[in-house]
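S.K.: Pasting in a structure now, in structure tokens, and then I'll have a few things to ask.
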Amino acid sequence: MLQGVDILVVEDSASQAALLCGQLEAHGCRVRVAANGLQALDLVAERRPTLIVSDIMMPRMDGYELCRHLKLDPATRDIPVILVTHLSDARDVVRGLACGADTFILKPYEEKYLIARIRYFLANLALRQQDQANKGVEVVLSGERHFITAARQQILDLLISTYEQGIQLNSQLRNKHQELTQSHHLLDSLFHFSASLTDQQSERQVIDKALATLLRFPNFRSAWLMLVEDGNPPQRFRLVGSCGQISEPDLASKLGALCPCQHAGLNDHPVAAFNVGECTALPDTWAHACVPIRIGNDLAGLLNVVRTDGDAWPEAELNTLTAVGHQLAVTLARARFFQRLEELVSERTAALRIEVTERERAELALRQSETLLVQVLNSLPIGVWVTDQRGNVSLHNPEALRIWGGPAPFANGKAASPEQEASPAERSIRQALQRAVTLGKVSPQEVLHIEAQDGEGRTALNSVVPLTDERQHIHGAIVVTQDITSQQVIDIELRIRERAIEASVNAVVITDHRRPGHPIVYVNPAFERITGYSSEQVIGQNCRFLQGTDLDQPELMAVRRALEQGTDGRALLRNYRKDGSMFWNDLRLSPSRDAEGRISHFVGVLNDITETKRYQDELEHQANFDTLTGLPNRNLAQDRIQQAAAWAQRNKQRFALALLDLDNFKYVNDSLGHSVGDALLVEVAKRLRACVGDYDTLARAGGDEFMLLLPEARSNEDVEAVLQVINQSLSVPVELAGEVKLHISASIGYCFYPTDGSRADELIRNADTAMYKAKERGKSQSSRFELTMNVVIQRRVALERNLRQALTAGALVMHYQPQLELESSTLCGFEALVRWQVDGSYIPTPEFIHVAEETGLIKELDHYVIEQVFMQVAAWLKAGYDPGEVAINVSTYSLQDYSIVAHLESALARHGIPPARIKLEVTEGLLMKNVDIAQRIMQALRAVGIKWSIDDFGTGYSALSYLRRYPFQQLKIDKAFVDDVHINIENASMTRAIISMAHSLGIAVVAEGVETVEQLSFLLQAGCEQIQGYYYSPPLPAASCTQLLANDGGLRLPEVLLHRNPRTLLIVDEDLRVHSYLFRELAQQGYHILNVDSAEAALNVLAINAVGVVLADTGIHGPQDGDFMHTLKTLYPRLVRIAMSSYLDVDTVLQAINEGAVFRYLTKPWQPEQLKHQVREAFHQHELNLLQTN
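For the sequence shown, position 646 matches number 646 in UniProt numbering, and the numbering has no gaps at all.
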């Protein structure tokens, strides 16, 4: 210990002084500190120290000067002085000895070395005081001779210090050699590791070879490799192999989800190797390195490596392990790539060609970079001339030629001017060259005024130094010339900058750092304009007056810190103008230093960002709140869900999250416009807000979807109670401006934390799944999330993935459903229908079409169908068959992109198909979406010759008048109308209206879904030209359609439809005796008599036969217990209806006759002649009805 030793530390760096004081005081020394030599002399005068440790480079008085003062004073000359410095030039050592320094210690130094030197001096202190005789010593350093006078002990100490420094450097060199050897071993192992994996093909081979090769690494004990199991996102790791001194079964039993390396891999997204301690797989005191195996941006696995000593791995070896992990990741990726894409050899070859091309590009870029480096060297802004001893120029750069405007006029090898004609600059350089090559003299930084050969006058800073070899033999000279002409305009630039500050729109204020309170010494006009204070009012004040009484601002600390530490600073402050109004000040501070490097002033720039701050506040509000409804948006809702989850986890509680989606909102937007849709959303938000509690969060998730966070809901009953209130509120019709009245409902799905998810995204996803499940059940339904619902989501994800693969592999096939021309009973065309068969069963077309629309694959699917259909049509035409018009269903998404026009034109030309053979079908929703672009696309394709058909007409919200806007040639009646068209009044009326309207516009009509002869007969009578459905043919593969075309594809209609008897009488009565009596009385009158006993049978007979008159008992009821006669009037207005009844109600009879429901009433029993007369009158009326209709 150095207990009680008085040591004076002279160090201008506060941190270095504190470090040195701590080390000395730890050994019992009493330490005083001086910041420079002058302070040190004062402290020595106060109390004589035992030893002085001093820095050299210090302000005011450096270490040399301090040492000289001490050694010249008899009272202090025997105080040992140790100089501590970064300087390493031997001449600095000589200078120190000349000043009287006892020894040197180079920074950085070790504490034990410093203490050892101090103990040495203290131990030899008496000897040094006795040895006061000085000796003269001549020292030659770098060719220069130095004569110094120093005591023998001083010189001896120098030799000892130099020897110790040499030993220390030698030790450092040995350590560096060991590090280099270790690095070489690591690099060699890494090379063998990379080489060993090159020929491995499968993933298993790569893993086994990698683990086996790791055994060759130095300091290696054992390793194990874990790969991420399949799944998205990854949740678990799987142990795939191990090597070294470790048991794989034992390792597998100890690894678990709580392993810190697995947790870091899943949550911290590491990209480099890192040390892990306290791993469950290792003893308590052991550590291992965890190496992430990343393929692209995804974590593929973790390689864990244990050192021989079980300690943590050094940083350099961690870097090597990171490279190992990268190489293993690359090899694993390659193996997986080969395993998955072996059948795509050609594509791999193309990829290799691309890689080679990229490598060639990289090599070219490298060559270009080297060329650029040469250009940069040649573009240095300093001119350099190199001459030999005779003054001949041997080397120069372009800048040298530019400065002189050509070759150097001072060179002997050029046509130099005679001495009497040479300019002063030329003469000066020649003289400097002469001194350099003959005397070895340096002529530094001489300012010359050059008259260049290009006529320009320049000012240059010129230096000439001798060019010597390692033995100091002079071989020539180097002339270095710097063009400093531009410095002449510095004064002008300073004036311009001053003017720029005066004209700046930002306020500029300068304060004096040297005076207490940092008074203001300058403000520019912008400061006066922004603050309202004049320059005279603020000069001499502290800037704090701008804050007024508002001094409790957190960012004021940044200003104080910048002023105290002398650094740049920035703060956003509330400042106040002279009139008291507040403005936001974006303040930036920068220190200004004087010639000695000390801070003299601070420059502040004030930027009034009041408007920007207001705009930022608005943006922040918009980022968290929905602009339409004012509700929190999805971002803010997710944040509140996370907060609720944190609270619930701390308190071991649960809460609920519900997602609400309006039913059929899309149709409101499509039919009534987005303005009505927006107004509806605002009203729905208002109603929902009234249904939730103060602690609940209602947010708009997007579109017509709302999110409801119920932090106090603990059970299904709690949630259902809230949802019941919501459904009741939504059940009230919404009345909007313009007399728009809408009936709305919502589908709601909900889930609970933590049983259904612990993260916000997981809860939202599960609530969304439950909501879609509710939609499947119908309108105004709610559903609680269940784990089984994930099966639906997994099917959806698998369906998307498989659909992409199917489109790429061409696995989708086309079926074609024939269409029949009723008038000629011949095949007139096909509708192309895409089918997708997987594992022997067909995926429902609406299901994968919906997936294609959601994932953006729909356009690619459209192009795929177009290509397949065009190929088939071209094949039929080439074989001599006439397929008629082939209809292709095109999505509305494709018809929002004008490029579809060029695509279809190209396909028609490529396959050689007449455009009239192709008919494009679009759904009714197109009529309301982007009308302008849709019209342009349809008109352009119609001009090409392609025809248009509107599909599923009548099922949407569009008006019939919209047909006039589009070039449709065909209209297709939806199957929903056709199914019961002969018995459903509404469908029959709608069907007749559609056919009549289409004919008035010159549009042909085709009915789809025709499956029965009754449907066919009704459509035929209603004027429908074409049918499509199972009555004629189901959708067929292309080969079956070819066979149909070869057999002409005709269909003979039933005789009853072709040859109708207009004198057909239909009798409807449940009493068989009535049928017998009527048949006996009327059989001889020439009527074709049909008998049925129910309304349903009657409607079927009427659909097929051309019945003129119906005799029906009034007890017969129509469909849904309606009035049978009124049903007949609506379905068959030309039919003459006679009612029969045993009881005659006069009021009922009169009402029926007045409404036109019946033609006559017959009372049972009737007179034969009266019966015959009424029937004859009825058929006569039927003939009149036919004439009026025609």
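Glycine is no exception: its CB is placed at the ideal position from the N, C-alpha and C atoms.
(1) Pick helix, strand or coil for Pro632, following the three-state DSSP scheme.
(2) Could you give the DSSP three-state label for Ser731: helix, strand or coil?
(3) If I follow the unbroken alpha helix (DSSP H) through Glu399, where does it start and stop?
(4) What does His815 pair with, by DSSP beta-bridge criteria?
(5) To which residues does DSSP link Val465 through a beta bridge?
(6) Taking DSSP's pairing of strands, which residues face residue 1218 in a bridge?
(7) Which same chain residues, not among the five before or five after Val1101, have their C-beta less than 8 Å away from its C-beta?
(8) Use the C-beta contact count for Trp1187: other C-beta atoms within 10 angstroms, 16 or more gives buried, fewer gives exposed.
(9) Say whether the region 626-646 touches the region 600-612, bearing in mind that this needs 3 or more beta-carbon pairs closer than 8 Å, one atom from each stretch.
(10) When you compare each of Ile983, Val1109, Leu364 and Met1125 to Leu1184 by their alpha carbons, which one comes out closest?
(11) How long is the line joining the alpha carbons of Val1006 and Gln817, rounded to whole angstroms?
(12) Please confirm whether Ile985 and Thr1114 have their CB atoms less than 8 Å apart.
(13) With DSSP run on the structure shown, which of helix, strand or coil describes Pro292?
(14) Please report the straight-line C-alpha distance between Ala35 and Leu551, rounded to a whole angstrom.
(15) What does the alpha-carbon distance come out to for the pair Pro1037 and Ile995?
(16) Take residue 1192 and list the residues in its own chain whose beta-carbon comes closer than 6 Å to its own, dropping the five residues that flank it on each side.
(17) Please give me, in chain order, every unbroken run of the alpha helix (DSSP H) with length at least 4 that falls completely inside the region 990-1047.
(18) Using beta-carbon positions only, say whether Pro270 and Pro292 come within less than 8 Å of one another.
(19) Give a single yes or no on whether Gln653 has its beta carbon closer than 7 Å to a heavy atom of the ligand ATP.
(20) Leaving out five residues on either side along the sequence, give the residues of the same chain with a beta carbon under 7 Å from the beta carbon of Leu366.
(21) Might you give, ordered along the chain, the residues of its own chain that have their beta carbon closer than 6 Å to the beta carbon of Thr549, omitting 5 neighbours on each side?
(22) Inspect the beta-carbon positions of Tyr753 and Arg650 and report whether they are closer than 8 Å.
(23) Measuring CA to CA, which of Ser1142, Gln1167, Val1136 and Glu1169 is closest to Arg1160?
(24) Between Asp626 and the rest of its own chain, which residues show a CB-CB distance below 6 Å, the 5 nearest in sequence each way excluded?
(25) Out of Gly856, Glu921 and Phe830, which one is the CA nearest neighbour of Asp882?
(26) Compare the Cα-Cα distances from Gly405 to each of Glu596, Ile843 and Gly457 and report the closest residue.
(27) Which one of Ser504, Asp768 and Cys543 has the shortest CA to CA distance from Thr511?
(28) Kindly indicate the opening and closing residues of the beta strand (DSSP E) around Trp224.
(29) Buried or exposed for Val523, please, with buried defined as at least 16 other CB atoms from any protein chain shown within 10 angstroms of its CB.
(30) Starting from the C-beta of Gly4, find all residues in its chain whose C-beta is less than 7 Å away, skip the five residues before and the five after it, and write them out in chain order.
(31) Whole angstroms are fine: how far does the CA of Arg942 sit from the CA of Arg964?
(32) Pick helix, strand or coil for Trp876, following the three-state DSSP scheme.
(33) Only counting the same chain, and skipping five residues up and downstream in sequence, which positions put a Cβ closer than 7 Å to that of Leu803?
(34) Here's the rule I'm using: 16 or more other beta-carbon atoms within 10 Å means buried, otherwise exposed. How should Leu377 be labelled?
(35) Between Gly693 and Arg784, what straight-line distance do the alpha-carbon atoms span, to the nearest angstrom?
(36) Can you tell me whether Ala415 is helix, strand or coil according to DSSP?
M.R.: Put simply:
(1) If you number the sequence shown from 1, residue 632 lands on position 632. Three-state DSSP puts Pro632 in a strand.
(2) As a working note, residue 731 is residue 731 in the sequence shown. Helix.
(3) Stepping through the sequence shown from its first residue, residue 399 is reached at position 399. Run containing Glu399: Pro398 to Trp404, per the alpha helix (DSSP H) assignment.
(4) Residue 815 sits at position 815 when you count from the first residue of the sequence shown. In DSSP, His815 forms a bridge with Leu833 and Pro1037.
(5) One-based indexing of the sequence shown puts residue 465 at position 465. Answer is Ile478.
(6) The first residue shown for the chain is 1 and the last is 1190, placing residue 1218 beyond what the model contains.
(7) In the sequence shown, counting from the first residue as 1, residue 1101 sits at position 1101. Cβ within range, chain order: Leu1066, Leu1090, Val1092 and Val1107.
(8) Translated into positions along the sequence shown, residue 1187 becomes position 1187. In the sequence under discussion, the amino acid at residue 1187 is Leu, which differs from the Trp named in the question. Classification of Leu1187: exposed, given that the 10 Å Cβ count is below 16.
(9) no
(10) For the purposes of this step, residue 1184 is taken as residue 1184 along the sequence shown, with counting starting at 1. That would be Val1109, whose Cα lies nearest to the Cα of Leu1184.
(11) If you number the sequence shown from 1, residue 1006 lands on position 1006. If you number the sequence shown from 1, residue 817 lands on position 817. Spanning the two alpha carbons is a distance of roughly 13 Å.
(12) As a first step, residue 985 must be located in the sequence shown, where it is residue number 985. As a first step, residue 1114 must be located in the sequence shown, where it is residue number 1114. No, these two residues do not count as a Cβ contact at 8 Å.
(13) Counting from 1 along the sequence shown, the entry for residue 292 is found at position 292. Looking at Pro292 - three-state DSSP - the assignment turns out to be strand.
(14) Numbered from its first residue, the sequence shown carries residue 35 at position 35. Numbered from its first residue, the sequence shown carries residue 551 at position 551. Cα to Cα, Ala35 sits roughly 36 Å from Leu551.
(15) Position 1037 of the sequence shown holds residue 1037. Position 995 of the sequence shown holds residue 995. Distance between the alpha carbons of Pro1037 and Ile995: 31 Å.
(16) Because the chain spans 1 through 1190 in this model, residue 1192 falls outside it and cannot be assessed.
(17) 1013-1022 and 1038-1046
(18) Position 270 of the sequence shown, counting from 1, holds the residue named residue 270. Position 292 of the sequence shown, counting from 1, holds the residue named residue 292. Yes, the Cβ-Cβ distance between Pro270 and Pro292 is below 8 Å.
(19) This structure does not include the ligand ATP; it has no bound ligands of any sort.
(20) As a first step, residue 366 must be located in the sequence shown, where it is residue number 366. Contacts found: none.
(21) Position 549 of the sequence shown, counted from the first residue, corresponds to residue 549. Cβ neighbours of Thr549 beyond the five flanking positions: none.
(22) Counting from one through the sequence shown, the residue named residue 753 turns up at place 753. Counting from one through the sequence shown, the residue named residue 650 turns up at place 650. Contact: no.
(23) Position 1160 of the sequence shown, counted from the first residue, corresponds to residue 1160. Among Ser1142, Gln1167, Val1136 and Glu1169, the Cα nearest to that of Arg1160 is on Val1136.
(24) The sequence position of residue 626 within the sequence shown is 626, counting from 1. Closer than 6 Å at Cβ, skipping near neighbours: Asn633 and Arg700.
(25) Here residue 882 refers to the residue found at position 882 when the sequence shown is read from its first residue. It is Phe830.
(26) For the purposes of this step, residue 405 is taken as the residue at position 405 of the sequence shown. Checking every option, the nearest Cα to that of Gly405 belongs to Gly457.
(27) Within the sequence shown, numbered from 1, the residue matching residue 511 stands at position 511. Among Ser504, Asp768 and Cys543, the Cα nearest to that of Thr511 is on Cys543.
(28) Numbered from 1 along the sequence shown, position 224 holds the residue referred to as residue 224. Note, Trp224: beta strand (DSSP E), Phe220 to Val228.
(29) Residue 523 sits at position 523 when you count from the first residue of the sequence shown. Under this definition Val523 is a buried residue.
(30) Position 4 of the sequence shown, counted from the first residue, corresponds to residue 4. Within the same chain, Gly4 has close Cβ partners Gly28 and Arg30.
(31) Taking the sequence shown and counting its residues from 1, the one referred to as residue 964 is at position 964. Taking the sequence shown and counting its residues from 1, the one referred to as residue 942 is at position 942. Using only the alpha carbons, I get a separation of about 14 Å.
(32) Your numbering for residue 876 matches position 876 in the sequence shown. If DSSP states are grouped into helix, strand and coil, Trp876 belongs with the helices.
(33) Start at 1 with the first residue of the sequence shown, and residue 803 comes out as number 803. Closer than 7 Å at Cβ, skipping near neighbours: Phe848, Val851, Ala852 and Leu857.
(34) Sequence index remark: in the sequence shown, residue 377 carries index 377 (1-based). Because Leu377 sits at a pLDDT of 48, beneath the cut-off of 50, its placement in the model cannot be relied upon, and the following sentence gives the value as read from the coordinates. Leu377 is exposed by the Cβ-count criterion.
(35) On the sequence shown, residue 693 is found 693 positions in, with the first residue counted as 1. On the sequence shown, residue 784 is found 784 positions in, with the first residue counted as 1. Whole-angstrom Cα-Cα distance: 21 Å.
(36) Position 415 of the sequence shown, counting from 1, holds the residue named residue 415. Because the pLDDT of Ala415 is 44, which lies under 50, any placement of that residue in the model is unreliable, and the number read from its coordinates should be weighed accordingly. Looking at Ala415 - three-state DSSP - the assignment turns out to be coil, as it is neither helix nor strand.
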